[in-house]
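Peer 1: The UniProt record's numbering numbers the first residue of the first sequence as 1 and each following residue consecutively.
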Amino acid sequence: MWPHAKIRASLLAWFDQQGRDLPWRVGPEGGRDPYRVWVAEILLQQTQVSRGLLYYERFLTAFPNVQALAAAPQGDVLKAWEGCGYYARARNLHAAAQQVAASGFPADYAGWLGMRGVGPYTAAAIASLALGEPRAVNDGNVRRVLARLYGEATPNESWVQARADELLDPQRPAAWNEAVMDLGATICTPKAPQCGLCPLSGTCTAFLAGQPTAYPTPKVRPKVREVRAVALLIGSDQQAYLEQRGGTLLGGLWGLPLAEVQGGETKEAALERLAQRLGAKVGAHLGQVSHTMTHRQIALDVYAAQAELPRTATAQAALSRLDHKALKLWQERQAGLFGE
DNA sequence: AATACGGGGTC
DNA sequence: GACCCAGTATT
């Protein structure tokens, strides 16, 4: 039988001393501002805290409360999210904010779970941190900490949730959740854990076995698909013809008109297809951009082109990193033309 | 149960 | 280059 009481006391004592001071941790323990917690939790999905911090202040300044977020145009919301990735988070957050502005905040875990973009992790986080509900979070930190604590090399979701549920401190659920995540983020890190500073090392199976990083075993990664595409820059890097991307990949963002090179098709054929669609005359090859996403490796050839199409100020639209790289080719060409 | 979904940090 | 990050939605 595991010494749950001892583990709780050790970790919470460490947390009270060494817990991180983060901008969304304002207000009483278990009674935080739901809007601020909500925004932070969405922003931090698959995003490291150090990076989330950069966006959090900016987002809260632009949209200080749920009414402001609900009333904002989607373009403004995506612009605030630009560069942070997983843009469905911003679209869902915006849509859900409009629901909250109309009907109020959900009152409990189940209510939050029904909101767009809110899954089991986020619902548990908001329910515990803002509502004081005893709900155990299950994120990457929790998974790693518990895998090591119990020496489970291949923990599945239900195993992690079960261990997290039974270990959750019923007296301080909010602090417990933050404590486990802080431990995972600062001490019990993936590659080089600082077991010498860990309050749980005395009961940690992985540490006692001398193999902390052996748990959990790495997840299998999906294969990266290689994609070739062509894009047209009509205008300049500052003022260009932009299209809003549909679908799930970069959906809602704006970018240069683009055509993927289909299987069995040449780059020239794709370029011709694209030019035809826009009624554009293709000019100089500006260069090639290479861009890696989690599941794609994109090689994009960018061409200058001429057409009677409306221009958008590129600084005002939310663009992906891929499109920023493409626009940069224009600057480099200008520098080249004028001999540096 | 798998896969799609960004972009960057760390070793 | 591998592996990961306060995960969720879709299939």
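Where a beta carbon is used, it is the ideal one built from N, C-alpha and C, also for glycine.
#1: With DSSP collapsed to three states, give me the class of residue 401.
#2: Can you find the residues in the same chain that come closer than 6 Å, C-beta to C-beta, to Cys-198, ignoring five residues on each side of it along the sequence?
#3: Roughly how many whole angstroms lie between the Cα atoms of Pro-222 and Thr-294?
#4: May I ask you to report which of helix, strand or coil DSSP gives Leu-168?
#5: In its own chain, which residues sit with a C-beta less than 8 Å from the C-beta of Val-302, not counting the 5 before and 5 after it?
#6: Whole angstroms are fine: how far does the CA of Thr-203 sit from the CA of Met-1?
#7: Which term fits Val-65, buried or exposed, when burial requires 16 or more other beta carbons within 10 angstroms of its beta carbon?
#8: Taking the alpha-carbon positions, what's the Arg-228 to Lys-267 distance?
#9: Can you check DSSP and say which residues form a bridge with Gly-235?
#10: Kindly list the residues whose CB is nearer than 7 Å to the CB of Arg-144, restricted to its own chain and excluding five residues on each side of it in sequence; keep chain order.
#11: Under three-state DSSP, which class holds Leu-249?
#12: Determine which residues share a DSSP beta bridge with His-285 and list them.
#13: Cα-Cα, which of Thr-154, Ile-42, Tyr-109, His-4 is closest to Leu-93?
#14: Across which residues does DSSP place Leu-319 in a beta bridge pair?
#15: How close, in whole Å, do the beta carbons of Pro-250 and Ser-320 come, if the pair is a contact with beta carbons under 8 Å?
#16: Which complete beta strand (DSSP E) runs does the segment 67-121 hold, if anything under 3 residues is left out?
#17: State the start and end residues of the unbroken alpha helix (DSSP H) segment that holds Gln-262.
#18: Using 8 Å as the threshold, is the C-beta distance between Ala-307 and Gly-264 below it?
#19: Sort Leu-78, Glu-82, Ala-70, Gly-75 by Cα distance to Ser-103 and report the nearest one.
#20: Out of Leu-78, Ile-298, Ala-206, point me to the one whose CA is closest to residue 402's CA.
#21: Give me the residue from Thr-248, Ala-175, Val-77, Leu-271 with the minimum Cα distance to Ala-318.
#22: In this structure, does DSSP put Ile-126 in helix, strand or coil?
#23: Per the DSSP calculation, Thr-292 is bridged to which residue(s)?
#24: Which of the three DSSP states is assigned to Glu-226 in this structure?
#25: For Leu-271, which residues from the same chain have a beta carbon less than 7 Å from its beta carbon, with the 5 sequence-adjacent residues on both sides left out?
#26: Are the Cβ atoms of Val-97 and Ala-136 separated by less than 8 Å?
#27: Could you tell me the distance, in whole angstroms, from the CA atom of Pro-310 to the CA atom of Leu-242?
#28: Which of the three DSSP states is assigned to Ala-313 in this structure?
#29: Looking at the secondary structure, which residues open and close the alpha helix (DSSP H) in which Met-1 lies?
#30: Quick one: grab the DSSP three-state call for Phe-207.
#31: One question on the structure: do Pro-170 and Pro-134 come within less than 8 Å of each other, judged by their Cβ atoms?
Peer 2: So, from the listed chains and residues:
#1: There is simply no residue 401 to check, as the chain begins at 1 and stops at 340 in what is shown.
#2: Ile-187
#3: 9 Å
#4: coil
#5: Val-230, Ala-231, Leu-232, Leu-233, Leu-256, His-285, Leu-286, Gly-287, Gln-288, Val-289, Ala-326, Leu-329
#6: 12 Å
#7: Rather than Val, the amino acid found at residue 65 in this sequence is Asn. So Asn-65 ends up on the exposed side.
#8: 8 Å
#9: Ala-240
#10: Gly-184, Cys-188, Pro-190, Pro-216
#11: coil
#12: Tyr-303
#13: Ile-42
#14: Trp-254
#15: The amino acid at residue 250 is misidentified as Pro; the sequence shows Leu. Sure, about 5 Å apart at Cβ, within 8 Å.
#16: none
#17: That residue, Gln-262, is in no alpha helix (DSSP H); it is neither H nor E in DSSP.
#18: no
#19: Ala-70
#20: Given that the chain is displayed from residue 1 to residue 340, the structure contains no residue 402 and the question cannot be resolved.
#21: Val-77
#22: helix
#23: Gln-297
#24: strand
#25: Val-230, Val-282, Tyr-303
#26: Contrary to the premise, residue 97 reads as Ala rather than Val in this sequence. No, Cβ-Cβ distance for Ala-97 and Ala-136 is not below 8 Å.
#27: 8 Å
#28: strand
#29: Looking at the DSSP string, Met-1 is not in any alpha helix (DSSP H), and its letter there is neither H nor E.
#30: helix
#31: yes
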